[in-house]
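**Q**
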Ligand SMILES: [Zn+2]
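Numbering (our numbering), first residue to last: 282 to 1262.
1) Using beta-carbon positions only, say whether residue 906 and residue 749 come within less than 9 angstroms of one another.
2) According to DSSP, is residue 287 part of a helix, a strand, or is it coil?
3) With DSSP as the reference, identify every bridge partner of residue 773, one or two as the case may be.
4) Among residues of its own chain, excluding the 5 on either side of residue 561, which ones have a beta-carbon nearer than 6 angstroms to its beta-carbon?
5) What would DSSP say about residue 1158, mapped onto helix, strand or coil?
6) What three-state label does DSSP hand residue 1064 in the structure shown?
7) Out of curiosity, what's the CA-to-CA distance linking residue 930 and residue 405?
8) Does at least one heavy atom of ligand 1 sit under 8 angstroms from the Cβ of residue 1088?
9) So, for residue 738: in the same chain, excluding its five sequence neighbours on each side, which residues have a beta-carbon less than 6 angstroms away from its beta-carbon?
10) Any heavy atom of ligand 1 within a distance shorter than 8 angstroms of the CB on residue 1045?
11) Can at least three beta-carbon pairs, one atom from the region 830-846 and one from the region 330-345, be found at a separation below 8 angstroms?
12) Sorry if obvious, but does the Cβ on residue 1241 come closer than 8 angstroms to a heavy atom of ligand 1?
13) Taking only three categories from DSSP, how would you classify residue 295?
14) Tell me whether residue 1200 counts as near ligand 1, meaning its Cβ is closer than 8 angstroms to at least one heavy atom of that ligand.
15) Which value, in whole angstroms, describes the spacing of the CA atoms of residue 803 and residue 829?
16) Applying the 10 Å Cβ sphere with the 16-neighbour rule, what's the burial state of residue 1250?
17) How long is the line joining the alpha carbons of residue 833 and residue 824, rounded to whole angstroms?
18) State buried or exposed for residue 687, treating a residue as buried only when at least 16 other CB atoms are found within 10 Å of its CB.
19) With C-beta atoms as the reference, is residue 989 less than 9 angstroms away from residue 1082?
20) Expressed to the nearest angstrom, what Euclidean distance is found between the alpha-carbon atoms of residue 1173 and residue 1225?
21) Pull up the distance between the alpha-carbon of residue 1111 and that of residue 946, whole angstroms please.
22) If we ignore side chains and look at the alpha-carbon of each, how far apart do residue 631 and residue 557 end up?
23) Rounded to whole angstroms, what's the CA-CA distance from residue 1184 to residue 1123? Just pull it up for me.
24) When the distance is taken between beta carbons, is residue 599 closer than 9 angstroms to residue 591?
25) Could you give the distance in angstroms between the alpha-carbon of residue 1268 and the alpha-carbon of residue 320?
26) Identify every run of the alpha helix (DSSP H) within the region 1113-1165, keeping only runs that are complete inside it and at least 4 residues long; order them along the chain.
27) Would the beta-carbon of residue 1253 be found less than 8 angstroms away from any heavy atom of ligand 1?
28) Using 9 angstroms as the threshold, is the C-beta distance between residue 964 and residue 436 below it?
29) Would you mind stating whether residue 1147 and residue 1215 have Cβ atoms separated by less than 9 angstroms?
30) Under 7 angstroms Cβ to Cβ from residue 449, same chain only, skipping five residues before and after it: list those, please.
31) Can you list, in chain order, the residues of its chain whose CB lies under 8 angstroms from that of residue 1264, leaving out five sequence neighbours each side?
32) Using a Cβ-Cβ cut-off of 9 angstroms, state whether residue 1241 counts as contacting chain C.
33) Report buried or exposed for residue 407, applying the criterion of at least 16 other Cβ atoms within 10 angstroms of its Cβ.
34) As a quick exercise: from 957, 621, 1140, pick the residue whose alpha carbon is nearest that of residue 1203.
35) Count the other CB atoms within 10 Å of the CB of residue 1262; is the residue buried (16 or more) or exposed (fewer)?
36) State the Cα-Cα distance for the pair residue 285 and residue 340, rounded to the nearest angstrom.
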């Protein structure tokens, strides 16, 4: 904006005071650190969010919040997520919908439990009981919630901040037990074995976070031949076709599959050999190399890519005879090298690579996660012949009694040597998990866990996915693939800080007690006392009265639920989507209109919520799912402390320690960033981007300031000019405003906020600053205050500024309100948010104005380029020093028509080409000026620039020939003299 370039004379007398200059308390500087909290306090005082979300006349709108984890400071990922939600909610509120937003937090789980444990001395730890640990974790989580909450509020997010949902609340936990119970009664919950990280030295399961990986760990690494005893028909046929005798498979010393393992102690648990169906495998003839011993097999199967390196490491010649796909190997039956049983080759998955080993993977479903998942596909038992202390059990046959950390490996390797099937052994250094407390190696060991049987409702889940609208549409493929392929969901954790799995085990038989009576009784107890009751009471205090007599027979379980089950039950705990459940507010409905989270939640919350909702109610908990990407730095790298590229939203909003280097940009700049990015992919943020955003923010702010500043003496009720009486330029400006409202409304409907960001800039910079306001300066400053050419312009400015405030309100909510509070005339609504979403009267829609206007703006650009060249050549100063001669010849018909349209205007005082070009005079006759400063021709249009005739009026800076003819004002033009009189 060029308010500062308004005419002002240094000579006497000064006519500056006779101009209508800007007046507004709306400051150029945002002063966001002070002003934004003031505006938020104003909203709170009005109870604005509460009233709009509960009393709006329109339909209710439920955007259900995915709960962030209640631990740690807010980062820009939180900002992207919550601000997107807030933009959508504020838009809905402006549209008259009842958009109630209940924010949530995920409060249970290991990270919080660990935080509490880390904060304790060893003596405090020793005295810790489950109940005291839970109390500390509860307090810690609440403290974290408060910290994050104040950050969210500072960003201007509207929500029920005083009544959030927390997964540790009694009512929430009770609803979650309700979901679990409904799944139990529907037959979707079962108990089974699953491998977990197990520490034989402390005899407990460990979570990932309790593991450490010391340098220098070595394991015994062995290559073993598993002799084939039967081939699938297809493979036999391929061998025959290649001229090989399929009989070579049968019997000792024939074909064998080669495996590699660094955990020989798991061999007694081997139940399969897995291959990658997409890899190429070679069937090789084997012969000794140099002095190596005669191999145990005549033919070996190995991954084709590893054949050469295996020749070297095994010391064998491996002559490739036939290449097959991994899929062709499925169904080979082999004999266990140590035990009297046979197993089969199965298809594993892409976890099988050619990075190491043989490309064929020894598979023990009781001792590895991949092994377990592959085993489930083939219905293999979860064999786990290892007890809590790491001792092999009777199921390990001759190896029973050996210990996995001591003698099991050497004993088994020795036995393999005896069979001749050991191809090679060596020490192998690799990353290996240790118990963080005992500093001893851990193992994978299958233990009894609780599962949700996804198999039982997979079809229903896939059908539910098809009913949901996924934005972007690729989200559907992601979650569909994940749900079709996933195994059963292990929902139990051996932790203390969580919702208990409300089950009892018979002390002698291990029988499980879990039925409608126990579930509803415990649900009632938790609703009243919270989950702590499970740890505070003994069995007699937890069992329903009918079981009181036999309480001594039962032992309560100690497992808690997977935190994904917690958050995945929020549709029940918050939206009331379960029989007998209550929603947190009457405006909420289930299924929700929208879930909106990062794209990793196809694996997380979107999925856990879908599974529980489908299992209980047969449909998804949401109608639409919108995802966003992740935040990266300006170079596309992850933000990390070590790279020093972390943008801390708190510093961006409130400023850093040194505000010169890290100024307080305010929440609106953070919000503007969120609106500016195409969040369907990962989004960048860094200091350069913040500076650009701050520039855009200032541009919008200064535009608004200019509009407000020119309205100080305008009252629409007295001065507004009816639409039909407006000049063409004003009608065009309103057409542009109507077009902006239409496009931004559509952008918000599609959640494409970056289009809004671009349209807003274009509107402020091009339509307003460069064109309308540039031309309007003369009308606003120089005209008499009451003149029609000024009042008509003010009419437009008032109409535009009110709508501009409404359009930016979902994103730049503080600035929008600041504009509203600084409107210099009375309006019915106390807040911009009470005005509702901007609309344009139908008469504003005049797209026919755009075509001639575009031609004239092209002509204007041509003239401006010539003026600019004169200025840079020192021949001209201000453009008002110039006159323009215009000549139209063949090819310029559209421009000629546009000029005729302009001349037809009923308001030549405004719709006047010389004024639009900001020059003192315009001629369209053939008489070329005496001294042409610049000349250009384009498409039949010739433009000549010359010095304007006459002298400069001291008040309006126009060059006029009547200056000096007025006795009282000898330095003014006739027009200015008329204004002053
Ligand atoms: Zn003048």
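By construction, the Cβ of each residue, glycine as well, lies at the ideal position given by its N, Cα and C atoms.
Note that this is a predicted model, so its numbers are computed, not measured.
**A** Working from what's here:
1) Mapped onto the chain shown, residue 906 falls at position 625. Mapped onto the chain shown, residue 749 falls at position 468. Closer than 9 angstroms, so yes.
2) For the purposes of this step, residue 287 is identified with residue 6 of the chain shown, where counting begins at 1. Low local confidence applies: a pLDDT of 43 at residue 287 is under 50, so the model's placement there is unreliable, and no value is given.
3) Residue mapping note: residue 773 aligns to position 492 of the chain shown, counting from 1. Bridge partners of residue 773: 842.
4) The count along the chain shown starts at 1 and reaches residue 561 at position 280. Cβ within range, chain order: 585, 604.
5) The residue labelled residue 1158 in the question sits at position 877 within the chain shown. The answer is coil: DSSP assigns residue 1158 none of H, G, I, E or B.
6) As a working note, residue 1064 is residue 783 in the chain shown. The answer is coil: DSSP assigns residue 1064 none of H, G, I, E or B.
7) For the purposes of this step, residue 930 is taken as residue 649 along the chain shown, with counting starting at 1. For the purposes of this step, residue 405 is taken as residue 124 along the chain shown, with counting starting at 1. In a straight line, the C-alpha of residue 930 is about 36 angstroms away from that of residue 405.
8) The residue labelled residue 1088 in the question sits at position 807 within the chain shown. No, Cβ of residue 1088 sits at least 8 angstroms from all heavy atoms of ligand 1.
9) For the purposes of this step, residue 738 is taken as residue 457 along the chain shown, with counting starting at 1. Counting only Cβ-Cβ distances below 6 angstroms, and skipping sequence neighbours, we find 895, 896.
10) Working through the chain shown from its first residue, we reach residue 1045 at position 764. It does not: the Cβ of residue 1045 is nowhere closer than 8 angstroms to a heavy atom of ligand 1.
11) no
12) As a working mapping, residue 1241 is identified with position 960 in the chain shown. Yes; taking the cut-off as 8 angstroms, the Cβ of residue 1241 has a heavy atom of ligand 1 nearer than that.
13) In the chain shown, the residue the question calls residue 295 occupies position 14. Looking at residue 295 - three-state DSSP - the assignment turns out to be coil, as it is neither helix nor strand.
14) Along the chain shown, one-based indexing puts residue 1200 at 919. Not so, every heavy atom of ligand 1 lies at least 8 angstroms from the Cβ.
15) What you label residue 803 is simply residue 522 of the chain shown in a count that begins at 1. What you label residue 829 is simply residue 548 of the chain shown in a count that begins at 1. The straight-line gap from Cα to Cα measures roughly 14 angstroms.
16) Locating residue 1250 in the chain shown gives position 969, counting from the first residue. By the neighbour-count rule (16 or more Cβ atoms within 10 Å), residue 1250 is buried.
17) Numbered from 1 along the chain shown, position 552 holds the residue referred to as residue 833. Numbered from 1 along the chain shown, position 543 holds the residue referred to as residue 824. Distance between the alpha carbons of residue 833 and residue 824: 10 angstroms.
18) Residue numbering aside, residue 687 sits at position 406 when the chain shown is read from its first letter. It is exposed - the Cβ of residue 687 has fewer than 16 other Cβ atoms within 10 Å.
19) In the chain shown, residue 989 corresponds to position 708, counting from 1. In the chain shown, residue 1082 corresponds to position 801, counting from 1. The answer is yes: Cβ separation under 9 angstroms.
20) Here residue 1173 is taken as the residue at index 892 of the chain shown, counted from 1. Here residue 1225 is taken as the residue at index 944 of the chain shown, counted from 1. Cα to Cα, residue 1173 sits roughly 16 angstroms from residue 1225.
21) Looking up residue 1111 in the chain shown gives position 830. Looking up residue 946 in the chain shown gives position 665. Using only the alpha carbons, I get a separation of about 26 angstroms.
22) Mapped onto the chain shown, residue 631 falls at position 350. Mapped onto the chain shown, residue 557 falls at position 276. Going from the Cα of residue 631 to the Cα of residue 557 covers about 6 angstroms.
23) For the purposes of this step, residue 1184 is taken as the residue at position 903 of the chain shown. For the purposes of this step, residue 1123 is taken as the residue at position 842 of the chain shown. Cα to Cα, the separation comes out at about 25 angstroms.
24) Mapped onto the chain shown, residue 591 falls at position 310. Mapped onto the chain shown, residue 599 falls at position 318. A contact, by the Cβ cut-off of 9 angstroms.
25) Any answer about residue 1268 is impossible in this case: the structure gives the chain only from 282 up to 1262.
26) 1113-1116, 1131-1153
27) The count along the chain shown starts at 1 and reaches residue 1253 at position 972. Checking the Cβ of residue 1253 against ligand 1 gives yes.
28) By one-based count along the chain shown, residue 964 stands at place 683. By one-based count along the chain shown, residue 436 stands at place 155. No, the Cβ-Cβ distance between residue 964 and residue 436 is not below 9 angstroms.
29) Translated into the one-based positions of the chain shown, residue 1147 becomes position 866. Translated into the one-based positions of the chain shown, residue 1215 becomes position 934. Result yes, Cβ atoms of residue 1147 and residue 1215 sit closer than 9 angstroms.
30) Counted from its first residue, the chain shown places residue 449 at position 168. Closer than 7 angstroms at the Cβ level, and outside the excluded window around residue 449, lie 388, 389, 419, 422.
31) Outside the shown range of the chain, which is 282 to 1262, sits residue 1264, and nothing can be said about it.
32) Given the protein chain composition of this structure (a single chain), no chain C is represented.
33) For the purposes of this step, residue 407 is identified with residue 126 of the chain shown, where counting begins at 1. Under this definition residue 407 is an exposed residue.
34) As a first step, residue 1203 must be located in the chain shown, where it is residue number 922. Comparing Cα positions, the closest option is 1140.
35) Reading the chain shown from its first residue, position 981 is the one you call residue 1262. Under this definition residue 1262 is an exposed residue.
36) Working through the chain shown from its first residue, we reach residue 285 at position 4. Working through the chain shown from its first residue, we reach residue 340 at position 59. For residue 285, the predicted structure reports a pLDDT of 42, less than 50, and the residue's modelled location is therefore unreliable. The matter cannot be settled from this model.
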